[in-house]
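Reviewing the structure listed below.
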Amino acid sequence: MKMKSLKHLLVIAAASGSMAITANAAASEWNYVGGGFYDFGDGGFYLEGSTHVAERLVLNAEIGDTYDTTVRVGGKYLTDLALGRAPVFVTAGYSDYSFDSGVYFGAGVSLEIDQGINSTFELMHDTAGDGFFRFRSGLTYALSNKLNLAGSYSLNNRGFDNELRLGVQYKF
(Lines of atoms letter the chains of each structure in order from A and count residues from 1; the text may use other names and numbers.)
(Lines give C-alpha, C1' and ligand atoms only; values in the text may rest on other atoms or scores of the structure.)
Protein backbone atom coordinates (compact mmCIF):
# COMPACT_ATOMS: atom_id res chain seq x y z
CA MET A 1 0.00 0.00 0.00
CA LYS A 2 1.37 3.39 -0.99
CA MET A 3 2.00 5.94 1.77
CA LYS A 4 -0.51 8.32 0.14
CA SER A 5 -3.16 5.56 0.15
CA LEU A 6 -2.45 4.89 3.81
CA LYS A 7 -2.92 8.58 4.59
CA HIS A 8 -6.22 8.54 2.68
CA LEU A 9 -7.37 5.52 4.67
CA LEU A 10 -6.48 7.25 7.95
CA VAL A 11 -8.34 10.41 6.90
CA ILE A 12 -11.47 8.48 5.98
CA ALA A 13 -11.32 6.43 9.19
CA ALA A 14 -11.00 9.60 11.29
CA ALA A 15 -13.83 11.29 9.39
CA SER A 16 -16.08 8.24 9.71
CA GLY A 17 -15.35 7.96 13.41
CA SER A 18 -16.14 11.60 14.03
CA MET A 19 -19.38 11.21 12.07
CA ALA A 20 -20.48 8.30 14.20
CA ILE A 21 -19.71 10.24 17.40
CA THR A 22 -21.44 13.45 16.32
CA ALA A 23 -24.44 11.81 14.67
CA ASN A 24 -27.72 13.62 15.17
CA ALA A 25 -30.02 11.45 17.28
CA ALA A 26 -33.02 12.13 15.04
CA ALA A 27 -33.57 9.83 12.09
CA SER A 28 -32.42 11.43 8.85
CA GLU A 29 -31.92 10.23 5.29
CA TRP A 30 -28.39 11.69 5.60
CA ASN A 31 -27.25 9.43 8.49
CA TYR A 32 -25.62 6.36 6.93
CA VAL A 33 -22.48 4.37 6.20
CA GLY A 34 -22.13 2.40 3.01
CA GLY A 35 -19.94 0.67 0.52
CA GLY A 36 -19.84 -1.41 -2.60
CA PHE A 37 -18.55 -1.70 -6.16
CA TYR A 38 -16.98 1.41 -7.71
CA ASP A 39 -16.01 1.88 -11.36
CA PHE A 40 -13.98 5.02 -12.06
CA GLY A 41 -11.79 4.09 -15.01
CA ASP A 42 -11.05 0.76 -13.34
CA GLY A 43 -13.12 -1.46 -11.03
CA GLY A 44 -12.71 -1.41 -7.26
CA PHE A 45 -14.64 -0.55 -4.12
CA TYR A 46 -15.89 2.49 -2.25
CA LEU A 47 -16.71 3.32 1.36
CA GLU A 48 -18.80 6.32 2.34
CA GLY A 49 -20.39 7.93 5.36
CA SER A 50 -22.68 10.85 6.03
CA THR A 51 -24.24 12.38 9.13
CA HIS A 52 -26.71 15.15 9.86
CA VAL A 53 -24.79 17.18 12.49
CA ALA A 54 -27.06 20.24 12.72
CA GLU A 55 -30.49 21.25 11.47
CA ARG A 56 -29.14 22.29 8.07
CA LEU A 57 -25.61 20.82 8.01
CA VAL A 58 -24.58 17.37 6.78
CA LEU A 59 -20.96 16.13 6.81
CA ASN A 60 -19.86 13.43 4.39
CA ALA A 61 -16.74 11.49 3.43
CA GLU A 62 -15.98 8.87 0.80
CA ILE A 63 -13.02 6.87 -0.42
CA GLY A 64 -12.86 4.95 -3.67
CA ASP A 65 -10.09 2.49 -4.44
CA THR A 66 -9.74 1.55 -8.09
CA TYR A 67 -6.43 1.86 -9.93
CA ASP A 68 -6.17 5.29 -8.29
CA THR A 69 -7.43 6.24 -4.85
CA THR A 70 -10.12 8.92 -4.60
CA VAL A 71 -10.98 10.74 -1.36
CA ARG A 72 -13.69 13.36 -0.93
CA VAL A 73 -14.49 15.00 2.42
CA GLY A 74 -17.03 17.80 2.69
CA GLY A 75 -20.51 18.84 3.61
CA LYS A 76 -23.95 19.79 2.44
CA TYR A 77 -26.01 22.79 3.50
CA LEU A 78 -29.75 22.06 3.33
CA THR A 79 -31.50 25.20 2.07
CA ASP A 80 -35.12 26.39 2.34
CA LEU A 81 -35.38 26.29 -1.45
CA ALA A 82 -37.10 23.53 -3.40
CA LEU A 83 -37.68 22.54 -7.01
CA GLY A 84 -41.27 21.35 -6.78
CA ARG A 85 -41.18 18.92 -3.87
CA ALA A 86 -37.41 18.33 -4.13
CA PRO A 87 -35.40 20.17 -1.44
CA VAL A 88 -32.25 21.92 -2.72
CA PHE A 89 -28.84 21.61 -1.05
CA VAL A 90 -25.44 23.15 -1.73
CA THR A 91 -22.31 21.08 -1.33
CA ALA A 92 -18.57 21.76 -1.00
CA GLY A 93 -15.45 19.99 0.16
CA TYR A 94 -11.94 18.71 -0.47
CA SER A 95 -11.13 16.12 -3.15
CA ASP A 96 -7.92 14.13 -3.49
CA TYR A 97 -7.06 11.85 -6.38
CA SER A 98 -3.81 9.89 -6.66
CA PHE A 99 -2.53 12.43 -9.19
CA ASP A 100 -3.89 15.77 -7.85
CA SER A 101 -6.14 17.40 -5.27
CA GLY A 102 -8.62 20.25 -5.25
CA VAL A 103 -11.94 21.47 -3.91
CA TYR A 104 -15.42 20.74 -5.16
CA PHE A 105 -18.61 22.77 -4.94
CA GLY A 106 -22.08 22.56 -6.39
CA ALA A 107 -25.77 22.03 -5.71
CA GLY A 108 -28.32 19.27 -5.87
CA VAL A 109 -31.79 18.02 -5.00
CA SER A 110 -33.08 15.02 -3.09
CA LEU A 111 -36.51 13.62 -3.88
CA GLU A 112 -38.64 10.77 -2.56
CA ILE A 113 -40.04 9.15 -5.73
CA ASP A 114 -42.16 6.58 -3.93
CA GLN A 115 -42.25 5.09 -0.46
CA GLY A 116 -38.79 3.57 0.01
CA ILE A 117 -37.34 4.92 -3.26
CA ASN A 118 -35.29 8.12 -3.13
CA SER A 119 -33.33 9.93 -5.82
CA THR A 120 -30.52 12.48 -5.67
CA PHE A 121 -29.23 14.70 -8.46
CA GLU A 122 -26.09 16.85 -8.10
CA LEU A 123 -24.10 19.15 -10.37
CA MET A 124 -20.60 19.87 -9.05
CA HIS A 125 -17.38 21.46 -10.20
CA ASP A 126 -14.09 19.93 -9.01
CA THR A 127 -10.85 21.93 -9.33
CA ALA A 128 -8.57 18.84 -9.36
CA GLY A 129 -6.52 18.41 -12.52
CA ASP A 130 -7.56 21.16 -14.90
CA GLY A 131 -11.02 21.21 -13.31
CA PHE A 132 -14.08 19.28 -14.42
CA PHE A 133 -17.84 19.13 -13.95
CA ARG A 134 -19.71 16.13 -12.57
CA PHE A 135 -23.43 15.45 -12.96
CA ARG A 136 -24.35 12.70 -10.53
CA SER A 137 -27.70 10.91 -10.34
CA GLY A 138 -28.48 8.25 -7.79
CA LEU A 139 -31.23 6.04 -6.42
CA THR A 140 -31.71 4.27 -3.12
CA TYR A 141 -34.20 1.48 -2.52
CA ALA A 142 -35.13 0.64 1.08
CA LEU A 143 -34.85 -3.06 1.88
CA SER A 144 -35.78 -2.27 5.50
CA ASN A 145 -35.85 0.76 7.82
CA LYS A 146 -32.06 0.53 8.21
CA LEU A 147 -30.76 -1.03 4.98
CA ASN A 148 -30.80 0.46 1.46
CA LEU A 149 -29.59 -0.68 -1.92
CA ALA A 150 -27.80 2.26 -3.53
CA GLY A 151 -26.64 3.07 -7.03
CA SER A 152 -25.38 6.16 -8.80
CA TYR A 153 -23.88 7.21 -12.09
CA SER A 154 -21.76 10.32 -12.63
CA LEU A 155 -21.13 11.93 -15.99
CA ASN A 156 -17.79 13.76 -15.93
CA ASN A 157 -16.29 16.02 -18.58
CA ARG A 158 -12.77 17.08 -19.65
CA GLY A 159 -11.45 13.56 -20.06
CA PHE A 160 -12.37 12.31 -16.59
CA ASP A 161 -13.91 8.83 -16.61
CA ASN A 162 -17.56 8.52 -15.68
CA GLU A 163 -18.30 6.90 -12.31
CA LEU A 164 -20.61 3.99 -11.44
CA ARG A 165 -21.45 2.86 -7.91
CA LEU A 166 -23.52 -0.09 -6.76
CA GLY A 167 -23.70 -0.90 -3.07
CA VAL A 168 -25.56 -0.86 0.22
CA GLN A 169 -26.14 1.77 2.91
CA TYR A 170 -26.80 1.17 6.60
CA LYS A 171 -28.84 4.00 8.12
CA PHE A 172 -28.39 5.01 11.76
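Take the sequence shown: its letters are residues -25 to -1, 1 to 147, numbered as in mature numbering (1 follows the signal peptide of the UniProt record, and there is no 0). Backbone N, C-alpha and C define an ideal beta-carbon position, used for all residues, glycine too. Computed from a predicted structure; not experimentally measured.
task: Could you pull out every residue in the same chain whose Cβ sits closer than 6 Å to the Cβ of N131, ignoring the five residues on either side in sequence?
output: Residue 131 sits at position 156 when you count from the first residue of the sequence shown. So the qualifying residues of the chain are F107, R109, N137.
query: Going by the beta-carbon positions, is the gap between T41 and G77 smaller than 7 Å?
result: The sequence position of residue 41 within the sequence shown is 66, counting from 1. The sequence position of residue 77 within the sequence shown is 102, counting from 1. No, Cβ-Cβ distance for T41 and G77 is not below 7 Å.
query: Just the Cα atoms here: how many angstroms apart are K146 and F74?
result: Residue mapping note: residue 146 aligns to position 171 of the sequence shown, counting from 1. Residue mapping note: residue 74 aligns to position 99 of the sequence shown, counting from 1. Rounded to whole angstroms, K146 to F74 spans 33 Å at the Cα level.
message: I believe R111 touches Y13 by the beta-carbon criterion, under 8 Å. Please report the beta-carbon distance rounded to the nearest angstrom.
response: Counting from one through the sequence shown, the residue named residue 111 turns up at place 136. Counting from one through the sequence shown, the residue named residue 13 turns up at place 38. About 13 Å; that fails the 8 Å criterion.
- request: Note down, one range per segment and in chain order, each beta strand (DSSP E) of at least 3 residues found wholly within the stretch 12 to 58.
  value: 18 to 27, 32 to 40, 44 to 58
task: Let me know the secondary structure DSSP gives A2 once reduced to three states.
output: Position 27 of the sequence shown, counting from 1, holds the residue named residue 2. In the structure shown, A2 sits in coil (DSSP, three-state: anything other than H, G, I, E or B).
- request: Using the Cα positions of N35 and V63, report the straight-line distance between them to the nearest angstrom.
  value: The sequence position of residue 35 within the sequence shown is 60, counting from 1. The sequence position of residue 63 within the sequence shown is 88, counting from 1. Distance between the alpha carbons of N35 and V63 is about 17 Å.
query: If you run the structure through DSSP and keep just helix, strand and coil, what is Y128?
result: Numbered from its first residue, the sequence shown carries residue 128 at position 153. Here Y128 sits in strand by DSSP.
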